[in-house]
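Working notes, beginning with the structure itself.
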Amino acid sequence: MQFNVLLLGKDTKQTEVYGTLIRDMVECHIDVMSQIENAVNWIIRVRYHLVVIDLPYPSELVERIKRLHPESSVIVVSDDATIEEAVNMIRNGAEDYLRKPIHLDTFRLAVRRGIDRKTLFEEDGVYSRYLNLVNSCQMISASIDETRIFAIVRSYLSRELQSSQSCVISFGSKGEMVVEDSDQGSDNGMTEIFEIASKSAALPGGLQEPQVSAFVERTALTPSVFAFQFQCIGNRTYYFLALSPKKPEPFGEFEGRLKILRAQIDVTGQNIVRYRSVQEMAYVDDVTGLHNTRYLSTVLDREIEKSKSASSSFVVLFIDADKFKHVNDQHGHVHGSKLLSELGQKLKAYVRDADAIVRYGGDEFVAILTPCDLPMGKLVAERIRKSVENSEFLKDDGLKLKITISIGVAVFPDHANTKEDIIDQADHAMYVAKKESRNCVYVAEVKKPDA
Numbered sequence: 450m451q452f453n454v455l456l457l458g459k460d461t462k463q464t465e466v467y468g469t470l471i472r473d474m475v476e477c478h479i480d481v482m483s484q485i486e487n488a489v490n491w492i493i494r495v496r497y498h499l500v501v502i503d504l505p506y507p508s509e510l511v512e513r514i515k516r517l518h519p520e521s522s523v524i525v526v527s528d529d530a531t532i533e534e535a536v537n538m539i540r541n542g543a544e545d546y547l548r549k550p551i552h553l554d555t556f557r558l559a560v561r562r563g564i565d566r567k568t569l570f571e572e573d574g575v576y577s578r579y580l581n582l583v584n585s586c587q588m589i590s591a592s593i594d595e596t597r598i599f600a601i602v603r604s605y606l607s608r609e610l611q612s613s614q615s616c617v618i619s620f621g622s623k624g625e626m627v628v629e630d631s632d633q634g635s636d637n638g639m640t641e642i643f644e645i646a647s648k649s650a651a652l653p654g655g656l657q658e659p660q661v662s663a664f665v666e667r668t669a670l671t672p673s674v675f676a677f678q679f680q681c682i683g684n685r686t687y688y689f690l691a692l693s694p695k696k697p698e699p700f701g702e703f704e705g706r707l708k709i710l711r712a713q714i715d716v717t718g719q720n721i722v723r724y725r726s727v728q729e730m731a732y733v734d735d736v737t738g739l740h741n742t743r744y745l746s747t748v749l750d751r752e753i754e755k756s757k758s759a760s761s762s763f764v765v766l767f768i769d770a771d772k773f774k775h776v777n778d779q780h781g782h783v784h785g786s787k788l789l790s791e792l793g794q795k796l797k798a799y800v801r802d803a804d805a806i807v808r809y810g811g812d813e814f815v816a817i818l819t820p821c822d823l824p825m826g827k828l829v830a831e832r833i834r835k836s837v838e839n840s841e842f843l844k845d846d847g848l849k850l851k852i853t854i855s856i857g858v859a860v861f862p863d864h865a866n867t868k869e870d871i872i873d874q875a876d877h878a879m880y881v882a883k884k885e886s887r888n889c890v891y892v893a894e895v896k897k898p899d900a
């Protein structure tokens with residue numbers, strides 16, 4: 450099989466250097482692209498043995514490559530490599546993470562590992578099949594959310610069974626089928642077929658311990674089906690379904706691999722529960738129950754990466770309670786803290802689940818609205834302002850206090866392109882709002898480029 454290479458980078462001279470070095474080592478076909486968005490479609494269609502990425506924020510792409518094609522070797526090249534980014538890339542499956550300027554011998558060694566990896570995965574036997582399993586288990590063990598685990602399980606088993614139509618499902622409290630992850634997206638027609646398939650496999654009760662999987666033969670009305678049962682987090686049971694699967698031989702060895710896969714999912718699920726418990730304690734503000742500034746930093750890193758890779762925007766609202774000191778002075782700090790908690794819950798009610806509300810400190814809050822543009826951000830800010838203005842606080846204590854808030858609005862990347870600057874812009878806009886009249890919304894000014 451021909452050695453296929455994908456080079457991703459905006460610097461054409463640099464990608465030419467990579468191509469020359471690789472061609473000197475192996476006969477190959479090389480595709481060159483400059484945009485991550487374009488590369489995704491090619492990665493789905495073409496099995497690349499080596500991918501060299503010289504673009505910022507490639508972590509989602511690396512994870513997708515390794516999930517779809519575990520035999521692919523991924524080399525990430527970065528201008529400003531950090532230990533945190535390197536760990537993230539390796540966790541997502543990159544074989545090598547190189548900092549510019551790259552040493553030619555180091556690059557050649559990384560390419561050589563890719564060539565050797567191709568040879569190992571093309572071995573027709575038990576060795577290559579277990580190598581495939583090990584790769585998938587490594588990716589599962591590095592996961593911190595169940596949706597990523599579902600995608601890895603589906604990709605791995607689809608390859609094992611040579612099935613192009615598969616999904617991960619569960620069942621709701623009323624017995625309705627819930628699609629957790631599918632290669633068919635939101636295709637309603639395929640969802641109906643999977644419902645029929647689940648019934649032919651007698652799910653959810655058709656698999657009883659110690660049985661973890663089953664092949665159901667094709668009938669006149671239903672396709673052949675493979676079902677694999679597992680648990681991830683908590684007691685909820687999930688099922689992988691594949692249509693028209695090819696039964697692996699020898700089947701006993703396949704069952705052994707399934708047990709290893711299931712054990713890895715179970716261990717990782719327990720680790721995720723522990724991780725979330727510790728994370729929750731570290732990321733939650735004691736007074737309001739909202740997230741704190743440590744969480745804000747994490748969210749901004751994530752949203753900036755998404756914004757740059759998808760050319761999208763998000764909005765930061767910096768919110769300050771007007772004359773809050775008077776509340777503490779007149780009613781005491783206990784009532785002041787309780788009011789902040791009530792205010793925080795009211796702010797949380799006005800944003801989507803995908804958004805974030807953070808207590809920034811004192812009587813200040815920050816909201817991250819994503820994805821979001823300026824018109825929508827202003828609309829949400831104004832709704833929040835009016836809602837607070839029209840509300841009464843501490844009614845349970847018989848006080849019925851009225852307060853107002855001032856809100857600064859800033860858009861990434863229109864007003865700033867770093868997390869420090871976007872917070873600073875929203876903060877500055879909030880102070881302008883307080884200086885203007887309080888109880889109002891003010892939008893940050895776009896910085897004019899230096900002449």
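Under my numbering, think of the first position of the sequence shown as 450, with each following residue one higher. Built from N, CA and C at the ideal position, the CB exists for glycine as well.
Asked	Found
Do I598 and T686 come within 8 Å of each other at the CB atom, strictly closer than that value?	no
If I follow the unbroken alpha helix (DSSP H) through E702, where does it start and stop?	F700 to Y732
Do V800 and L789 have their CB atoms nearer than 8 Å?	no
Please report the distance separating the alpha-carbon of Q719 from that of D630.	20 Å
Taking all protein chains shown into account, do 16 or more other C-beta atoms lie within 10 angstroms of the C-beta of Y724, making it buried, or fewer, making it exposed?	exposed
Quick check on the DSSP output: the beta strand (DSSP E) that includes N453 runs from which residue to which?	F452 to G458
Closer than 6 Å by C-beta to E831: which residues in its own chain qualify, once you throw out the five before and the five after it? Chain order, please.	V890
Run through DSSP, which three-state label would S585 get?	helix
I'd like to check one pair, S673 with S693: are the Cβ atoms closer than 8 Å?	yes
For D812, count neighbouring C-beta atoms within 10 Å of its own C-beta (all shown protein chains included) and say buried if the count is 16 or more, exposed if not.	buried
Would the beta-carbon of R566 fall within 8 Å of that of E534?	no
Using three-state DSSP, classify D529 as helix, strand or coil.	coil
Three-state secondary structure (DSSP) at A600?	helix
Return the CA-CA distance between D554 and N537, expressed in angstroms with no decimal places.	24 Å
Consult DSSP for G738 and reduce its assignment to one of helix, strand or coil.	coil
Judging by CA-CA distance, which residue of F664, P824 and S840 is the nearest neighbour of F700?	F664
Helix, strand or coil for I436, going by three-state DSSP, please let me know.	Because residue 436 is not part of the residues shown, which for the chain are 450 to 900, the question remains open.
Based on Cα-Cα distance, which residue from L828, A712, L517 and D873 lies nearest to S613?	L517
Excluding the 5 residues flanking V881 on each side, which residues of the same chain have their C-beta closer than 6 Å to its C-beta?	Y891
When DSSP labels each residue in this structure, what does H478 get in the three-state scheme?	strand
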